[in-house]
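Top to bottom, those sequences are chains L and X.
The first sequence begins at 33 in the working numbering and counts up by one.
The second sequence begins at 46 in the working numbering and counts up by one.
The beta carbon of each residue, even a glycine, is placed where N, CA and C say it ideally should be.
This report refers to the structure that appears directly beneath it.
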Amino acid sequence: MEHAFSLFVRSIFVDNMIFASFLGMCSYLAVSKNVKTSFGLGVAVTFVLLVTLPVNYLLQTKVLAADGIFGIDLTYLSFILFIAVIAGIVQLVEMVVERFSPSLYNALGIFLPLIAVNCAIMGGSLFMQQRISMDPATSSQAIGSVGDAFIYALGSGIGWLLAIVALAAIREKMAYSVVPKSLQGLGITFITVGLMAMAFMCFSGLSL
Amino acid sequence: MSSLFSKDNQKVFLEPLNLNNPILVQVLGICSALAVTSKLEPSIVMGLSVTVITAFSNVIISLLRKTIPNRIRIIIQLVVVAALVTIVSMVLKAFAYDVSVELSVYVGLIITNCILMGRLEAFAMSNEPWPSFLDGVGSGLGYAWILVVVGAVRELFGSGTLLNIRIIPQFCYDAGYMDNGMMTMPAMAMIILGCVVWAHRALVKE
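Shown next as structure tokens:
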């Protein structure tokens, strides 16, 4: 229980997807113009993470690993398998959202199918693959069960959501300020994210 | 032979290097550009890997473009890219193990690099293999030179070295000069890239 809690808090603040490892930057920069759409995208990313990470965890440990059902080490197939799972699930989520919430579907537009190529999702799976080999007794980053994978997905998703909503709020306010001409748009956004990342660095001393 | 390097093909190759740079203008592939640039060496390796993968995935998709059904094209593109990335990652592990450890998950994340999907969708799906190859190399190199610039600045001011060779001499340290540890932190990557975008926008007029 204690391990699950510290894994959860760490993945939100210390190992934040955006500020510590820059994952999902493209849609992060493109969609963060207003709070409402960015919240919708954050929820979608969290949801896709929640589904894909446990599935990929099971694939990695039960099918690809040397002691899996085939009895041979198939980890070199992991990139292809992970991305196929992610693309398939995103397609499924897209159909479900279109059927049950057309307004959210329209608001997210092209970014819903693009979640398939959002590095936050693939990055989550690849970090999970690295963390399986860690020892849960000594490292609070270790992922030893499907439950841990689920908690890691939830934490990283919330961390991503937090980061995109915060940036969107800052950019809404910044629309009224005077910025040098060639720094407008992309340039100032990068610098803002840099300053936000510095603020998040103070969490790195957090020991749980 | 002359048709291979015609005006159009030259344009396809040169545009992504500057005017239509994938990072500075199209804002694609930012994640890896920020994460791997704390040193110069991994930046160069990463830039070259992406160039190779964009070029060859462009060629493969361009050859297959007439046979790919429209509805499932994204999955086919992803599988082609994933196969190429697996090959590159194995080559890196075999011949440059230290760098591949340093790059860690970011080699695998080339699969989800938006530059690749962008070029495949926008160019390779509607063009012949040879222009697609040039487009891939151009986009890859356009991405690589930004990585090299950011990586060089961060390594020079963060650790006083370039490619692990000491550039800032010892007597500067004796006189009180100190490395800026902040430069090796992720946050500075954002700020340096912001400044590169600023300089590029100020110098290049559309």
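| Query | Result |
| --- | --- |
| Counting pairs of Cβ atoms below 8 Å between the region 179-191 of chain X and the region 88-104 of chain X, do you hit three or more? | yes |
| Can you give me the Cβ contacts of lysine 52 (chain X) inside the same chain, cut-off strictly under 7 Å, excluding the 5 residues immediately before and after it? | none |
| Taking 8 Å as the cut-off, decide whether the C-beta atoms of valine 63 (chain L) and serine 53 (chain L) are in contact. | no |
| Glutamine 162 (chain L) CB to nearest chain C CB: under 8 Å? | In the displayed structure, chain C is absent; the protein chains listed are L and X. |
| Under the DSSP definition of a beta bridge, which residues are partnered with arginine 211 (chain X)? | X:Thr206 |
| So, does the region 84-94 of chain X touch the region 204-219 of chain X, judging by three or more C-beta pairs under 8 Å? | yes |
| What did DSSP end up calling leucine 238 (chain X) once you bin it into helix, strand or coil? | helix |
| On the three-pair Cβ rule with 8 Å, is the region 78-95 of chain L touching the region 155-166 of chain L? | yes |
| Isoleucine 112 (chain L) touches chain X at which residues, Cβ-Cβ below 8 Å? | Val124, Ala127, Ala128 and Thr131 |
| Count the C-beta pairs between the region 105-117 of chain X and the region 140-155 of chain X that are closer than 8 Å, then say yes if the count reaches three, no if not. | no |
| If we ignore side chains and look at the alpha-carbon of each, how far apart do leucine 108 (chain X) and serine 94 (chain X) end up? | 21 Å |
| Would you check if the distance between the CB atom of methionine 228 (chain L) and the CB atom of phenylalanine 51 (chain L) is smaller than 8 Å? | yes |
| So, with DSSP's three-state summary, where would you put phenylalanine 168 (chain X)? | coil |
| Can you pull the chain X neighbours of glycine 155 (chain L), defined as C-beta to C-beta under 9 Å? | Cys76, Val150, Tyr151, Gly153, Leu154 and Thr157 |
| Can you tell which of X:Tyr222, X:Met235 and X:Val193 has the C-alpha that lies nearest to the C-alpha of leucine 208 (chain X)? | X:Val193 |
| Find the residues of chain X that neighbour leucine 55 (chain L), judging by a C-beta separation of less than 7 Å, and give them in chain order. | Cys76 |
| Measure from the C-beta of valine 225 (chain L) to each C-beta in chain X and report whether the shortest distance is under 8 Å. | yes |
| Using the beta-carbon count (16 or more within 10 Å), is serine 209 (chain L) buried or exposed? | exposed |
| Determine the direct distance from the alpha carbon of leucine 186 (chain L) to that of methionine 230 (chain X), and round the result to whole angstroms. | 26 Å |
| Under three-state DSSP, which class holds threonine 82 (chain X)? | coil |
| Output the boundary residues of the alpha helix (DSSP H) element that contains alanine 64 (chain L). | A quick correction: the sequence has serine, not alanine, at residue 64 (chain L). Run containing serine 64 (chain L): none; DSSP gives neither H nor E here. |
| Using a Cβ cut-off of 8 Å (strictly closer), state whether proline 87 (chain X) contacts chain L. | no |
| Measure the Cβ-Cβ separation of aspartate 180 (chain X) and asparagine 66 (chain X) and say whether it is below 8 Å. | no |
| Quick one: give me the first and last residue of the alpha helix (DSSP H) that serine 188 (chain L) is part of. | 178-206 |
| Would you verify that the beta carbon of leucine 238 (chain X) is, or is not, closer than 8 Å to some beta carbon of chain L? | yes |
| Within the continuous alpha helix (DSSP H) that includes phenylalanine 114 (chain L), where are the two ends? | 110-132 |
| Listing by chain order, which chain L residues have their CB less than 7 Å from the CB of tryptophan 243 (chain X)? | Ser214, Leu215 and Gly219 |
| Could you name the residues of chain X that cysteine 58 (chain L) contacts, counting a contact when the two beta carbons are closer than 8 Å? | Val72, Leu73, Gly74, Ile75, Cys76 and Cys159 |
| Rounded C-beta distance between phenylalanine 256 (chain L) and valine 46 (chain L)? I'm assuming under 8 Å. | There is no way to answer for residue 256 (chain L), as the model of chain L reaches only from 33 to 240. |
| Measure the Cβ-Cβ separation of proline 176 (chain X) and asparagine 54 (chain X) and say whether it is below 8 Å. | yes |
| Measuring alpha carbon to alpha carbon, tell me which of L:Val225, L:Leu199, L:Thr224 and L:Gln216 ends up nearest lysine 65 (chain L). | L:Leu199 |
| Between isoleucine 119 (chain X) and chain L, is any beta-carbon pair separated by less than 8 Å? | yes |
| If we call anything under 8 Å between Cβ atoms a contact, is glycine 56 (chain L) one with cysteine 76 (chain X)? | yes |
| Can you list the residues of chain X that asparagine 150 (chain L) reaches, using a CB-CB cut of under 7 Å? | Thr157 |
| Quick one: Cα of methionine 166 (chain L) to Cα of phenylalanine 37 (chain L), how far? | 17 Å |
| Using the beta-carbon count (16 or more within 10 Å), is glycine 74 (chain L) buried or exposed? | buried |
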